[in-house]
Structures are given as structure tokens and as C-alpha cells.
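Everything below concerns the one structure shown next.
Encoded structure:
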């Protein structure tokens, strides 16, 4: 029964693909694009042929009108929203992912614009294919993969650069920028680690194809986080308490995620993903450095209070100058003058800089 049900399902899927292609040939103003999308995202449970993906990308190059790019995005979104088949959904997401990596940035910009107008970019939160236990496992992975792609677009909005193209963007950012960018990168890495496959999904060839792209991007994302953390630590012992508390939380989360990323890599290695890629070797900094950061936070100066006092003093000064001038003091002979007190120099406590062991040594192996 199970084998017969699978055969019927494949036959129905092939019939749907054939019907959709026939309709596109007759009714579509973008005939070639629509046909390529159907063939690149068909019901066949194998990776799409490269020819059809290249046909789609021809309509997304820099010389095409924005209207053509927008049509392609709507067509892909429509394909996602109508299907209940895991193979169609996954292959459509792979086309979107590859387009983000390989074609003109106008595709990314139009996809972000589409997400804003529709409320959600990929609409996959409730996707499920319950036709078989394997399809159920694949559906869970597809939902996580879609969330990663959505977070990839959201991180671009926050960072204002594509971490895949510019992983060194956090190296020279100021404190304010780091406190905004590192949480966005951390959330992106969280979504990436959530793409770790389980059960039958680990051995599905289409999922492995998508996972190989995800694993490759993890190197760039973790490199950006690592450079940002190094930059943050350089500034940490000069921060006021509010910023130091936020920076310490970011640092702790980075340590935790580094361990989780190691687990993700171990899973990839067991299913032979990343063999041809230079995945990172991750080492943790010493616990003594984390303790030094926590000690500093307890004694760090309060920026808001000091600034408020300075502001009050600054505002009072003009009022004192405008007050009526008091009568001059009586003249005192030179012999009766008391010696003027010596000026007192206030010495502010100095925070000792901590040797940044472990993390400062750039423990992550940089990609070539």
C-alpha cells in the first residue's frame, strides 16, 4: 500500500507539473520564465537541473527591468504558497537562496520590498507535508531553512551590508554600531544552527544540497561575529556600565553559540557536508577572561548619572554669572594675607587593561 501510494503521488505531481507548463505556454507574458520556474521546482525528488536554474537567473541579471525581477519573485512566492509537497517547496527555496548568492542585488532588494508589502517574505511557518514520515521530517527542516533565509534578509536591513559579501564589516565599527550589529548577526547564526538536520532529513540529497550552502555561509557569519567580538572586547574596559552590561551579554551568547556551531559542524561531517569547504575550528577563550569582564561591569562608571551632573553644573553656570555682583571684600594688608591653599589634583581610579588571552589570539581559523 505504501509503495502504491507513493507511485500515485508521484504520478499526480508529474501531472500537475505538466499542466502548469501547458498553461504557462498559452497564458503567460513571461512564458520562458514561468516554464523554467516550474521545471526547476517540480515534484521530482531530486535536485533541479542546472539548466532551468540558469534560465531563471537570466531574467534576474543587472540588465533586466525591476518589473521582471518583481514578477519572478511573485511567481516563486506563488509556487511556495500553493504547494503542499516538500520537494516543490524545498527546490523553490533553493532557487531563492542561490539567487541571493549569485545574481544582481536588485533581486534581494525586491525580495525585501515584497516581504514588507506582504507581511512575511516566504510564508513557510505552517508548511507541512504529512504524506509520509520522511515528508514530515523534511517539512520541519524546510521551515527552519525558510526562517534562515528570512533572517538573512532581515540582517541585511539592520547591517546595511551583505555579510556573505563583506564578512569584515564589523572590524572597524564603533561601540554603538557593534551593540546593534552583533545581536543581528547572533540571531542569523541562531537560525543557521537551527538548520541542523535530524532523522531522514540528514540523508536526503536535496536537503544536503541546501545544507552545503548553509554550511558555507556559516564561515562568513562566524567570521563577522568573531571580528566584531574582538572589536567589542578592545573597547570593553573603557565602556560605561550600561554599554558594558549589553556587551557582556553579547560576549556570553557568542561563547555559547560557538559551542553550538561546533555541534552543527560535527553533524555536517557525519553526512559528508563541507568536505570541500574550510569549516572553522573553534576554540573557547579562558574562563578567567570572562571573570575579568564580569568584575569590570560591577565597578564600571555610570554614564547617565555623570552626564546628568555635568549637564546640571553647565546649566547653573550662566545663572551664577548673571547674579548681582557682591560688594568687594575689604582690603587686607599684605602682611595680614593668608597663604593661598595649594590646588588639589583629583586622581581618577584607573581600570587595569586585561590581557585578552584566547579571544585576542583570533582562535578561529579564517577562511582563505
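Residue numbers (UniProt numbering): 1 to 368.
By construction, the Cβ of each residue, glycine as well, lies at the ideal position given by its N, Cα and C atoms.
Since we're looking at a predicted model, the values are computed, not measured.
*Does the count of Cβ pairs from the stretch 202 to 212 and the stretch 248 to 260 closer than 8 Å reach three?*
no
*How is residue 146 classed by DSSP in three states: helix, strand or coil?*
Three-state DSSP puts residue 146 in a helix.
*Is the closest heavy atom of the ligand FAD to the C-beta of residue 217 under 7 Å?*
Absence of the ligand FAD is noted for the structure shown, with no ligands found whatsoever.
*Nearest CA to the CA of residue 19: which residue from 8, 30, 39, 33?*
It is 39 whose Cα lies nearest to the Cα of residue 19.
*What residue from 214, 193, 274 has the CA that sits closest to residue 260's CA?*
With distances taken between CA atoms, residue 260 lies nearest to 193 out of 214, 193, 274.
*Could you pull the start and end residues of the alpha helix (DSSP H) that residue 178 belongs to?*
175 to 193
*What do you get for residue 152, buried or exposed, if any count of 16 or more other CB atoms within 10 angstroms of its CB means buried?*
With 16 or more other Cβ atoms within 10 Å, it is buried.
*Taking three-plus beta-carbon pairs below 8 Å as touching, is the stretch 52 to 62 in contact with the stretch 166 to 179?*
no
*In or out: residue 53 buried (at least 16 other Cβ within 10 Å) or exposed?*
buried
*Which of helix, strand or coil does DSSP assign to residue 16?*
helix
*Provide the residue span of the alpha helix (DSSP H) that contains residue 203, from first to last.*
Looking at the DSSP string, residue 203 is not in any alpha helix (DSSP H), and its letter there is neither H nor E.
*Is it the case that the Cβ atoms of residue 224 and residue 170 are separated by a distance below 8 Å?*
yes
*Taking the C-alpha atoms as reference points, what is the distance between residue 101 and residue 94?*
11 Å
*Under the three-state reduction of DSSP, which class applies to residue 231: helix, strand or coil?*
helix
*Excluding the five sequence neighbours on either side, which residues of its own chain have a C-beta within less than 7 Å of the C-beta of residue 161, listed in chain order?*
169
_Assuming residue 240 is part of the alpha helix (DSSP H), what are its boundary residues?_
Where residue 240 is concerned, there is no enclosing alpha helix (DSSP H), given that its DSSP letter is neither H nor E.
*Please go through the same chain and pick out, in chain order, the residues whose beta-carbon is closer than 7 Å to the beta-carbon of residue 135, but skip the five residues on each side of it.*
86, 129
*Report the rounded CA-to-CA distance for residue 226 versus residue 154, giving the unit in angstroms.*
20 Å
*What does a CB cutoff of less than 7 Å around residue 246 pick up in its chain, not counting 5 residues either side in sequence?*
Residues of the same chain with a CB within less than 7 Å of the CB of residue 246, apart from the 5 flanking positions on each side, are 179 in chain order.
*asked:* Please classify residue 217 as buried or exposed, where buried requires at least 16 neighbouring CB atoms within 10 angstroms.
replied: buried
*Enumerate, from N- to C-terminal direction, the unbroken alpha helix (DSSP H) stretches of 4 or more residues contained entirely within the UniProt domain "ENTH" (25 to 163).*
Entirely contained in the UniProt domain "ENTH" (25 to 163), the alpha helix (DSSP H) runs reaching 4 residues are, in chain order, 31 to 40, 50 to 58, 66 to 82, 86 to 102, 105 to 118, 133 to 159.
*Just how far apart, CA to CA, sit residue 309 and residue 148?*
Because the pLDDT at residue 309 is just 47, under 50, the model does not fix this residue reliably, and the value given afterwards should be weighed accordingly. Each residue's alpha carbon lies about 46 Å from the other.
*Which first and last residues belong to the alpha helix (DSSP H) in which residue 291 is found?*
287 to 299
*Can you find at least 3 beta carbon pairs, one from the stretch 99 to 118 and one from the stretch 180 to 200, that sit closer than 8 Å?*
no
*Helix, strand or coil for residue 278, going by three-state DSSP, please let me know.*
Secondary structure of residue 278 (DSSP, three-state): coil.
*Taking all protein chains shown into account, decide if residue 8 is buried (16 or more other Cβ within 10 angstroms of its Cβ) or exposed.*
exposed
*Using the rule of at least 16 other Cβ atoms within 10 Å of the residue's Cβ for burial, across every protein chain shown, is residue 372 buried or exposed?*
Since the first residue shown for the chain is 1 and the last is 368, residue 372 is missing from the structure and cannot be characterised.
*Please determine, among 298, 105, 36, 126, the residue with the shortest C-alpha to C-alpha distance to residue 240.*
Of the residues 298, 105, 36, 126, the one whose Cα lies closest to the Cα of residue 240 is 298.
_Three or more C-beta pairs under 8 Å: does that hold for the stretch 104 to 111 against the stretch 62 to 78?_
yes
*Taking DSSP as the reference, what is the three-state secondary structure of residue 220?*
helix
_Closest to residue 221 by C-alpha separation, out of 201, 188, 199, would be which residue?_
188
*Relative to the C-alpha of residue 300, which residue among 84, 91, 262, 243 is closest?*
243
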